[in-house]
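Taking this note's numbering, the leading residue of the sequence shown gets 1197, the next gets one more, and so forth.
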Amino acid sequence: AEVKKIETKGTSKLPATNHDVKAVEYYLKGKFNNNGLSNLSEYLHFALTSEDTNNISYAMMISSALKKIILPELITIQKHLLKLSAEHSNCSLLARTHGQPAIPTTFGKEFRIFENRVKTQINRINKIKILSKLNGAAGNYNAHMAAFPKINWLKFSESFIKHLNNEFNLNIFINMITPQIEPHDSYCELFDALSAVNMILTDMCQDIWRYISDDLLIQKAPKGEIGSSTMPHKINPIAFENAEGNLGMANALFKHFSSKLPISRLQRDLSDSTVQRNFGVAFAHSLIAYESLLKGLSRITVNVTKAKQQIAAHPEIYAEAIQTILRRENFPKPYELLKTLTRGSKITKAKLNKFVKNLKVNKKIKTEIFNSINTGYIGIADKLAKN
1197 AEVKKIETKG TSKLPATNHD VKAVEYYLKG KFNNNGLSNL SEYLHFALTS
1247 EDTNNISYAM MISSALKKII LPELITIQKH LLKLSAEHSN CSLLARTHGQ
1297 PAIPTTFGKE FRIFENRVKT QINRINKIKI LSKLNGAAGN YNAHMAAFPK
1347 INWLKFSESF IKHLNNEFNL NIFINMITPQ IEPHDSYCEL FDALSAVNMI
1397 LTDMCQDIWR YISDDLLIQK APKGEIGSST MPHKINPIAF ENAEGNLGMA
1447 NALFKHFSSK LPISRLQRDL SDSTVQRNFG VAFAHSLIAY ESLLKGLSRI
1497 TVNVTKAKQQ IAAHPEIYAE AIQTILRREN FPKPYELLKT LTRGSKITKA
1547 KLNKFVKNLK VNKKIKTEIF NSINTGYIGI ADKLAKN
């Protein structure tokens, strides 16, 4: 409150600064002067431009938020998906491409796909170096050298950032070559990675929503929870819908950050300042989404019966297996033969079995075909889910 007063109204001794960093400087000088440190007060904000202070503060907050909050949440999601992958590695699911029945996969493999994608982005985020600067109003240590020309300011800058890392368990680095601002390229790299992981999680939310809609996943009903104000039976997938909405809000900001922040007129303009004040909003929406998603994941179970029924209702999905084995045997035009049999036609398992029995191939090949279509036809999906 005192700092804001100095900035907007001033004091009996100071006019309003209309400058937030200078207001902080004057506030701290007052504290120094009142506590026997007046001989040091002019070293507050010494040789610095506001951005020297601000960019390091933002870098510290971002690094801390990643280490303490965002990455632990993402790792928890990744581990939960890995657990679901192992639990349902062999549980068959009818894959759909273009929304249409394709061939079998497993729930475990589908969860593993998202786990692997999330893990890739976690590794990407961990490798990003958050950059900072401490080199004055035009990035050349002009004032520093004017006052203390014998000090190695490059070494000092590097040592100061290392001290912050050690003191606060951070992971920020110094950028020696800048204009007045640190150009924010490392921020953009980070926000692109966070946007990517958020898009992956949005993709997963939408898939899970569809599986719930198709009764392939069942949600546990928490005791006392109400799903609808008028329909007592409802158990809505609100955890995934809430996550999706917040991921979208976060990404709207992350994408603006990435497109806006690398651009600054000449040695700097102030348009980045108001944008950076919204970093916390994007992180907050992401965190809300991650927590909602974890809640949703903890409440779902696979409807094995429904999944088996869905596969049984579409025996045409085995056409791929049949025509591929026949092609290996140099059988004439097997793809075209299976296309004629199955495409646009409602086929039964009995009709498919009859077709295989009537094929002019030896008994061994027929047995191989029947084994393929009667033992799940999931390839190595179970191994991929657990690998």
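Backbone N, C-alpha and C define an ideal beta-carbon position, used for all residues, glycine too. For clarity, every value in this text was computed on a predicted model and none was experimentally measured.
_Assuming residue 1589 is part of the beta strand (DSSP E), what are its boundary residues?_
Because the chain here runs from 1197 to 1583, residue 1589 falls outside it and cannot be looked at.
Considering just the uninterrupted stretch of the beta strand (DSSP E) at residue 1293, what are its terminal residues? 1288-1293
**Prompt:** Roughly how many whole angstroms lie between the Cα atoms of residue 1557 and residue 1298?
**Reply:** 26 Å
Residue from 1446, 1247 and 1536 whose Cα sits closest to the Cα of residue 1519
1536
| query | Near residue 1381, what residues of its chain come up, given a Cβ to Cβ distance below 7 Å and the 5 sequence neighbours on each side ignored? | reply | 1458
- request: Can you tell me which of 1301, 1245 and 1237 puts its alpha carbon nearest to the alpha carbon of residue 1507?
  value: 1301
ask   = Taking the beta strand (DSSP E) that residue 1328 falls in, what are its first and last residues?
value = 1326-1328
Notebook entry, point to check: Identify the residues that DSSP records as bridge partners of residue 1497: which are they?
Noted result: 1414
Legend entry - Segment contact, 8 Å Cβ cut-off, at least three pairs: the region 1280-1294 with the region 1260-1270: no
Just to confirm the assignment: which complete beta strand (DSSP E) runs, minimum length 3, are found wholly within the region 1351-1388? 1368-1370
Taking just the CA atoms, how far does residue 1322 sit from residue 1253?
20 Å
#### Entry: Member of 1396, 1340 and 1278 whose CA lies at the smallest distance from the CA of residue 1582
1278
In whole angstroms, what is the alpha-carbon distance linking residue 1533 and residue 1523?
11 Å
- Query: Are the region 1429-1441 and the region 1471-1490 in contact at 8 Å, needing three or more beta carbon pairs?
  - Reply: yes
Worksheet item: Can you tell me the Cα-Cα spacing of residue 1339 and residue 1237, whole angstroms?
Response: 17 Å
| request: Mind checking which residues open and close the alpha helix (DSSP H) that includes residue 1520? | output: 1515-1524
Checklist entry - Are there 16 or more other CB atoms within 10 angstroms of the CB of residue 1539, so buried, or fewer, so exposed? => result exposed
- What is the rounded straight-line gap between the Cα of residue 1468 and the Cα of residue 1218? 18 Å
request  = Starting from residue 1440, trace the alpha helix (DSSP H) both ways and give me its first and last residue.
outcome  = 1434-1456
**Message:** Looking at the secondary structure, which residues open and close the alpha helix (DSSP H) in which residue 1220 lies?
**Reply:** 1216-1230
*For residue 1243, the nearest candidate out of 1311, 1198, 1320 and 1342 (CA to CA)*: 1342
Quiz prompt | Distance between residue 1324 and residue 1471 (C-alpha atoms, nearest Å) | solution = 21 Å
Next item on the list: Specify, as a first and last residue, the run of the alpha helix (DSSP H) that residue 1563 falls within.
Entry: 1559-1570
Could you give the residue range of the alpha helix (DSSP H) that holds residue 1248? 1246-1261
message: According to DSSP, simplified to helix, strand and coil, what is residue 1589?
response: It is not possible to answer for residue 1589, since the shown part of the chain is limited to 1197 through 1583.
Check whether residue 1412 and residue 1509 have beta carbons under 8 Å apart:
no
- prompt: Helix or strand or just coil, what does DSSP make of residue 1539?
  reply: coil
**Message:** Does residue 1340 come out as helix, strand or coil in the three-state DSSP assignment?
**Reply:** helix
task: Report yes if the C-beta distance between residue 1414 and residue 1497 is below 8 Å; otherwise report no.
output: yes
| Pair within 8 Å by beta-carbon distance, residue 1384 and residue 1453 | yes
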